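Participant: To start, I am sharing the structure in question, which I have written as structure tokens.
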Amino acid sequence: MKIVFRGVRGSIPSPGARTVRYGGNTTCIEVRSDNGELIILDAGSGIFPLANTLLASLPITCHIFITHTHWDHIQGLPFFIPVFIPGNCVKIHGAFDPVNHRSIREVLARQMEYSYFPVREEELNATMEYTTLRERQTIEVGDAKVTNILMNHPVLNFGYKVECNGKSVFFTGDHEWPLNIYPDDAENQNEMDRLNFLEYQSFIDERNQELMDFIHGVDAFIIDSAYTDEEYFNGKVGWGHGTFENSIKLARRAEAKALYFTHHEPTRSDEDLEKLLASLHERFPPTEHDPKWILAREGVEIEL
Ligand SMILES: [Zn+2]
Ligand SMILES: [Zn+2]
Numbered sequence: 008m009k010i011v012f013r014g015v016r017g018s019i020p021s022p023g024a025r026t027v028r029y030g031g032n033t034t035c036i037e038v039r040s041d042n043g044e045l046i047i048l049d050a051g052s053g054i055f056p057l058a059n060t061l062l063a064s065l066p067i068t069c070h071i072f073i074t075h076t077h078w079d080h081i082q083g084l085p086f087f088i089p090v091f092i093p094g095n096c097v098k099i100h101g102a103f104d105p106v107n108h109r110s111i112r113e114v115l116a117r118q119m120e121y122s123y124f125p126v127r128e129e130e131l132n133a134t135m136e137y138t139t140l141r142e143r144q145t146i147e148v149g150d151a152k153v154t155n156i157l158m159n160h161p162v163l164n165f166g167y168k169v170e171c172n173g174k175s176v177f178f179t180g181d182h183e184w185p186l187n188i189y190p191d192d193a194e195n196q197n198e199m200d201r202l203n204f205l206e207y208q209s210f211i212d213e214r215n216q217e218l219m220d221f222i223h224g225v226d227a228f229i230i231d232s233a234y235t236d237e238e239y240f241n242g243k244v245g246w247g248h249g250t251f252e253n254s255i256k257l258a259r260r261a262e263a264k265a266l267y268f269t270h271h272e273p274t275r276s277d278e279d280l281e282k283l284l285a286s287l288h289e290r291f292p293p294t295e296h297d298p299k300w301i302l303a304r305e306g307v308e309i310e311l
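So this is what it looks like as structure tokens:
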């Protein structure tokens, strides 16, 4: 299996001299199975440079899996050139929107409405197929299979595991590792507050364990690490994103082979990212059993 990062930035495309090495495009990951099946995780602006690499080999069939429909994960889709060309087949998968009661097709078609884009979804020339996924549904894609798991974000977000011939990659999409909403203060708490804390904690522990079991032993763990712990605890709690420090703990616990930090903050320069990685190595010295820690970088290809 092969992975290429096509977009590693969170929130908004951030081109410019400060981000030129790690890249300014928003989330998109190209995965190729051993037999060459094309699986695309998210359709941020990084799907546009990916589309350009496909033009020499049309017609194509591809399988796009959307973690969630925040702009930075879908904004490139109207510029995914194969959708305009007859003969291509684009299969899009994603979650149901339980708040607005819309299928993945309905949600995505909205960003191509008259007010936003000159071509309507119904006018696309490729064969478009949509699958609204159930939780934990597995989709077979040739020699690979893709299974989702529910994550924690302000909109319904699926993390995806892609497996092929004994190798695997897991991508969180956007995910905040849940915190207990009740304070942990055994000495000063009354019995009811304490019970609330313990009950909520056991719910969190159970969810985290399910996730760890799902991810356990993956070859590549690609994880939303938007913030540092310091940034997170200074006003970003509940925004739906992870931290570098937490990513390291989780990758260790999941016994992942390699950890890729992604969803880089639009304001974080290449230099900032590298300084941050160096400080993490000092603060959490890697052991011989640790996964490799890598900053996801646009254009980099990984062979699993
Ligand atoms: Zn995002
Ligand atoms: Zn999001």
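If you want my numbering, it's the position in the sequence shown, counting the first as 1, plus 7. Beta carbons: idealized from backbone N, C-alpha and C, even for Gly. Small disclaimer: the values here were computed from a predicted structure and weren't measured.
1. For the 8 Å Cβ check, are there 3 or more pairs between the region 170-180 and the region 140-151?
2. Just checking residue 271 against ligand 2 - is the residue's beta carbon closer than 8 Å to any of the ligand's heavy atoms?
3. How many angstroms separate the CA atom of residue 176 from the CA atom of residue 226?
4. Any heavy atom of ligand 2 closer than 8 Å to the Cβ of residue 296?
5. What residues come near ligand 2, if near means a beta carbon less than 5 Å from any of its heavy atoms?
6. Take residue 301 and list the residues in its own chain whose beta-carbon comes closer than 6 Å to its own, dropping the five residues that flank it on each side.
7. Alpha carbon to alpha carbon, how far is residue 261 from residue 29? Give it in angstroms, no decimals.
8. Under 8 Å: do the region 196-214 and the region 243-250 share three or more Cβ pairs, one atom per stretch?
9. Go to residue 168, then tell me how far its beta strand (DSSP E) extends in each direction, as first and last residue.
10. Is there at least one non-hydrogen atom of ligand 1 closer than 8 Å to the beta-carbon of residue 279?
11. Counting C-beta neighbours from all protein chains within 10 Å, is the total for residue 107 16 or more, i.e. buried, or is it exposed?
12. Which first and last residues belong to the beta strand (DSSP E) in which residue 60 is found?
13. Starting from the C-beta of residue 22, find all residues in its chain whose C-beta is less than 7 Å away, skip the five residues before and the five after it, and write them out in chain order.
14. Going by CA-CA distance only, name the one from 146, 96 and 142 that's closest to residue 156.
15. Taking only the alpha-carbon atoms, compute the straight-line gap between residue 53 and residue 126 and give it to the nearest angstrom.
16. Under 9 Å between the Cβ atoms of residue 101 and residue 138?
17. For residue 232, count the other beta carbons within 10 Å of its own beta carbon; 16 or more makes it buried, fewer makes it exposed. Which is it?
18. Tell whether a beta-carbon distance below 9 Å holds between residue 12 and residue 304.
19. Mind checking who residue 310 pairs with in its DSSP beta bridge?
20. What distance in whole Å lies between the Cβ atoms of residue 94 and residue 65, which are believed to be in contact at a cut-off of 8 Å?
21. Count the other CB atoms within 10 Å of the CB of residue 184; is the residue buried (16 or more) or exposed (fewer)?
22. Check for me: the beta strand (DSSP E) holding residue 330 runs from which residue to which?
23. For residue 195, does the count of other Cβ atoms within 10 angstroms reach 16, so buried, or fall short, so exposed?
24. Skipping 5 residues on each side, what residues in its chain have a beta carbon closer than 8 Å to that of residue 287?
25. For residue 133, which three-state DSSP category applies?
Facilitator: From the atom records:
1. yes
2. no
3. 6 Å
4. no
5. 77 and 181
6. 267
7. 26 Å
8. no
9. 165-171
10. no
11. exposed
12. Note, residue 60: premise wrong, no beta strand (DSSP E); alpha helix (DSSP H) at 54-61.
13. 31
14. 142
15. 20 Å
16. yes
17. buried
18. yes
19. 9
20. 7 Å
21. buried
22. This structure cannot speak to residue 330, because the chain is shown only from 8 to 311.
23. exposed
24. 251, 252, 255 and 300
25. coil
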